[in-house]
Amino acid sequence: MRYVILGSSAAGVNAAKEIRRVDRDGEILMISRDETIYSRCILHHYLGNIRNIQQLDFTEPDFTEKYRIKFLKGREAVFVNCREHAVLLEDGERVSFDRLLIATGSHTFIPPVKGMREAGNVVGFRNLCDIDRIKAALPKAGHVVVMGAGLVGLDTVSGLLDNKVKPVVVELADHLLCKQLDKKAASVYEAAMDEKGVKQYYGVGVQELFTDRDGNVKELLLSDGSKIPCDFLIVTAGVRANVEFLEGCRVETDRFGLLFNESGETNVPGIYGAGDVSGRAPIWPVAVKEGIIAGSNMAGVKRKMTDFFASKSTMNFFGIPTMSLGQAEPKDVTELVETQEGREGYKKIIHKNGRILGAVIQGDLSYSGVLQQLIARRIDVSKVKKPIFEIDYSDFFHVSDNFEYYYQEDTKDE
Numbered sequence: 001m002r003y004v005i006l007g008s009s010a011a012g013v014n015a016a017k018e019i020r021r022v023d024r025d026g027e028i029l030m031i032s033r034d035e036t037i038y039s040r041c042i043l044h045h046y047l048g049n050i051r052n053i054q055q056l057d058f059t060e061p062d063f064t065e066k067y068r069i070k071f072l073k074g075r076e077a078v079f080v081n082c083r084e085h086a087v088l089l090e091d092g093e094r095v096s097f098d099r100l101l102i103a104t105g106s107h108t109f110i111p112p113v114k115g116m117r118e119a120g121n122v123v124g125f126r127n128l129c130d131i132d133r134i135k136a137a138l139p140k141a142g143h144v145v146v147m148g149a150g151l152v153g154l155d156t157v158s159g160l161l162d163n164k165v166k167p168v169v170v171e172l173a174d175h176l177l178c179k180q181l182d183k184k185a186a187s188v189y190e191a192a193m194d195e196k197g198v199k200q201y202y203g204v205g206v207q208e209l210f211t212d213r214d215g216n217v218k219e220l221l222l223s224d225g226s227k228i229p230c231d232f233l234i235v236t237a238g239v240r241a242n243v244e245f246l247e248g249c250r251v252e253t254d255r256f257g258l259l260f261n262e263s264g265e266t267n268v269p270g271i272y273g274a275g276d277v278s279g280r281a282p283i284w285p286v287a288v289k290e291g292i293i294a295g296s297n298m299a300g301v302k303r304k305m306t307d308f309f310a311s312k313s314t315m316n317f318f319g320i321p322t323m324s325l326g327q328a329e330p331k332d333v334t335e336l337v338e339t340q341e342g343r344e345g346y347k348k349i350i351h352k353n354g355r356i357l358g359a360v361i362q363g364d365l366s367y368s369g370v371l372q373q374l375i376a377r378r379i380d381v382s383k384v385k386k387p388i389f390e391i392d393y394s395d396f397f398h399v400s401d402n403f404e405y406y407y408q409e410d411t412k413d414e
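Per UniProt numbering, the sequence shown runs over residues 1 to 414.
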């Protein structure tokens with residue numbers, strides 16, 4: 001059996017490890033445009049000179065040898081021939097497969113703002129080459145602007161501050177981390193950035209770029225009519241799935257990215273997908289789990305993506321630990337919101353009909369373990385006769401004769 005994996009990040013690497021765990025004899029080929037394996041989640045550490053390139057590698061030192069993987073690095077797929085079960089590479093080489101995993105990830109989306117795609121000093125924050133461009137530009141950049149205040153945007157700000165650069169942040173939403181946090185939790189990070197000298201603009205977008213004679217941006221026009229100086233723009237406002245090479249083949253995609261089911265399989269038998277290439281849940285834990293599930297199914301052990309809460313984010317910007325699960329705000333008046341504030345931090349839970357739909361915890365994260373069990377096991381919290389923030393393991397776990405914990409769903413109505 002020959003397994004071909006396109007991509008060498010979280011999904012691809014974990015799929016390869018799972019394939020080798022199940023199939024000790026199959027041939028595994030990993031193909032990637034990257035020259036090295038590295039974690040995009042800690043690129044800000046590379047920008048901030050906290051880690052070097054080798055320290056970005058999240059695999060074992062002998063990864064390819066240990067798992068007997070042939071790594072074709074610096075190579076890019078340009079087409080998949082589904083009928084012939086072959087991948088065509090940029091240099092013309094044709095690689096055949098029995099099972100194929102598409103884990104090509106995503107790239108920074110540069111929005112169609114007037115002048116932005118043409119300007120010479122506009123860069124994303126997605127790949128090693130992006131960070132090298134930023135590091136080279138910083139000594140001469142007087143006004144650095146970060147467009148976007150999501151997770152990648154805050155990573156970018158952290159890396160810049162480590163370089164003693166105080167950027168300006170421009171975010172279209174009315175607060176940072178709008179997909180993960182409510183305004184209350186976000187305000188804590190906003191205050192921390194303000195203390196560090198980071199100027200922030202919320203509720204406005206970049207409307208136009210003005211460039212100098214060399215085609216480099218020198219000023220930004222915001223949607224509220226104000227102008228701010230900018231001689232280097234880092235765009236972190238969104239990503240797009242790397243699925244362009246699938247155009248013209250039978251593998252289905254939509255406006256977000258690659259389509260695959262809970263087993264990781266696409267509409268074409270034998271071709272699987274995992275990670276950011278779906279365009280739906282671009283966070284590391286999801287990519288890892290999807291890679292494992294896809295790898296297992298590729299090797300013949302059936303598994304499904306049914307035991308994972310996809311929209312989970314854990315962060316620790318400026319020494320402030322925070323975790324979000326699911327939605328940060330209620331969708332309508334039928335969803336109940338409970339909050340708790342104190343010296344230990346801030347907690348918020350959204351629930352409906354006894355099921356937790358989302359939560360935000362900032363400060364002391366010790367309650368997060370209980371919270372994740374309540375969500376993963378779909379426990380009806382309305383049946384626990386105590387305040388929701390005081391629930392502990394003893395309220396839904398039982399102890400067996402040998403003192404092991406177990407959980408039994410109570411199906412009786414009270």
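Think of the CB as a built atom: it goes at the ideal place given N, C-alpha and C, for glycine as much as any other residue.
Check your understanding: Where do the ends of the alpha helix (DSSP H) carrying V152 lie?
Key -> L151 to D162
Review point. Nearest to S106 by alpha carbon, out of H143, V243, L128 and V286?
Key: The shortest C-alpha separation from S106 is found at V243.
Review point. Going by beta carbon distance, what residues of the same chain come within less than 6 Å of A149, once the five residues before and after it are set aside?
Key: V169, E171 and L176
Practice item. Output the distance between the C-alpha atoms of F308 and A376, rounded to the nearest integer angstrom. Key: In this prediction, F308 has a pLDDT of 48, which is less than 50 and means its spatial position is unreliable; what the coordinates show is noted afterwards. Looking at the two C-alpha atoms, the distance is approximately 7 Å.
Practice item. Tell me, to the nearest whole angstrom, how far the beta carbon of C230 is from that of V145; I am working on the premise that it is less than 8 Å. Key: 4 Å
Check your understanding: Under a Cβ-count criterion, where at least 16 other Cβ atoms within 10 Å of its own Cβ denotes burial, should Y367 be classed as buried or exposed?
Key -> Flag for Y367 reads buried.
Point to revise | One or two residues paired with L222 in a DSSP bridge | key: Per DSSP, V206.
Practice item. My understanding is that G124 touches V217, with C-beta atoms under 8 Å, so please give their C-beta distance in whole angstroms. Key: The pair is not a contact, with the Cβ atoms about 14 Å apart (cut-off 8 Å).
Review point. Does DSSP classify T314 as helix, strand or coil?
Key: strand
Practice item. Output the distance between the C-alpha atoms of G358 and D395, rounded to the nearest integer angstrom. Key: Using only the alpha carbons, I get a separation of about 20 Å.
Check your understanding: If you run the structure through DSSP and keep just helix, strand and coil, what is Y67?
Key -> Here DSSP, grouped into helix, strand and coil, assigns Y67 to coil.
Exercise for review: State buried or exposed for F256, treating a residue as buried only when at least 16 other CB atoms are found within 10 Å of its CB.
Suggested key: exposed
Point to revise | Cβ-Cβ distance between G363 and P321 below 8 Å | key: The Cβ atoms of G363 and P321 sit closer than 8 Å to each other.
Point to revise | DSSP bridge partner residues for V146 (one or two, in chain order) | key: Beta-bridge partners assigned by DSSP to V146: V169 and I234.
**Study point:** Those residues which DSSP pairs with A294 across a bridge
**Key:** Partner(s): none; A294 has no beta bridge.
Practice item. Indicate whether V198 and K166 have their beta-carbon atoms separated by less than 8 Å. Key: yes
Practice item. Go to residue 418, then tell me how far its alpha helix (DSSP H) extends in each direction, as first and last residue. Key: Nothing can be reported for residue 418: it is not among the residues displayed for the chain, which extend from 1 to 414.
Review point. Expressed to the nearest angstrom, what Euclidean distance is found between the alpha-carbon atoms of F71 and R33?
Key: 11 Å
Exercise for review: Return the chain-ordered ranges of every beta strand (DSSP E) run that is complete within the stretch 236-261 and spans a minimum of 3 residues.
Suggested key: 239-241
**Study point:** Three-pair Cβ contact test at 8 Å for the stretch 281-294 versus the stretch 2-13
**Key:** yes
Review point. Nearest-angstrom Cα distance between L43 and S382?
Key: 42 Å
Check your understanding: When you compare only the Cα positions, how much space is there between A274 and I293?
Key -> 9 Å
Check your understanding: To the nearest whole angstrom, what separates the beta carbons of I31 and A77, a pair I think is in contact under 8 Å?
Key -> 6 Å
Exercise for review: Below 7 Å CB to CB, which residues in the same chain sit around I19 once its five sequence neighbours on both sides are set aside?
Suggested key: Y3, G26, I28, G295, M298 and A299
Check your understanding: What's the gap between the Cα of V239 and the Cα of D194?
Key -> Rounded to whole angstroms, the separation of the alpha carbons of D194 and V239 is 27 Å.
**Study point:** Assigned exposure category for K140 - 16 Cβ within 10 Å defines buried
**Key:** So K140 ends up on the exposed side.
Practice item. In angstroms with no decimal places, state the Cα-to-Cα distance between C178 and D98. Key: When rounded, the distance between both Cα atoms is 42 Å.
Point to revise | Expected contact under 8 Å - CB spacing of L365 and M323 to nearest Å | key: 6 Å
**Study point:** Spatial neighbours of V301 in its chain, beta-carbon cut-off 8 Å, leaving aside the 5 residues before and after
**Key:** Answer for V301: V22, listed in chain order.
Check your understanding: When the Cα of A281 is compared with those of S313, D212 and L160, which residue comes out closest?
Key -> S313
Review point. How long is the line joining the alpha carbons of L161 and L222, rounded to whole angstroms?
Key: When rounded, the separation of the alpha-carbon atoms in L161 and L222 is 24 Å.
**Study point:** Cβ-heavy atom distance, A141 to the ligand ZN, below 7 Å
**Key:** Of ligands this structure carries none, so the ligand ZN is not represented either.
Review point. Using the C-alpha atoms, what's the distance from F389 back to E414?
Key: With a pLDDT of 38 at E414, under the threshold of 50, the modelled position of this residue cannot be trusted, and the question is left open.
Practice item. Mind checking which residues open and close the alpha helix (DSSP H) that includes H175? Key: Premise fails: H175 is in no alpha helix (DSSP H) and is neither H nor E.
Check your understanding: Should E190 be labelled buried (16 or more other beta-carbon atoms within 10 Å of its own) or exposed?
Key -> buried
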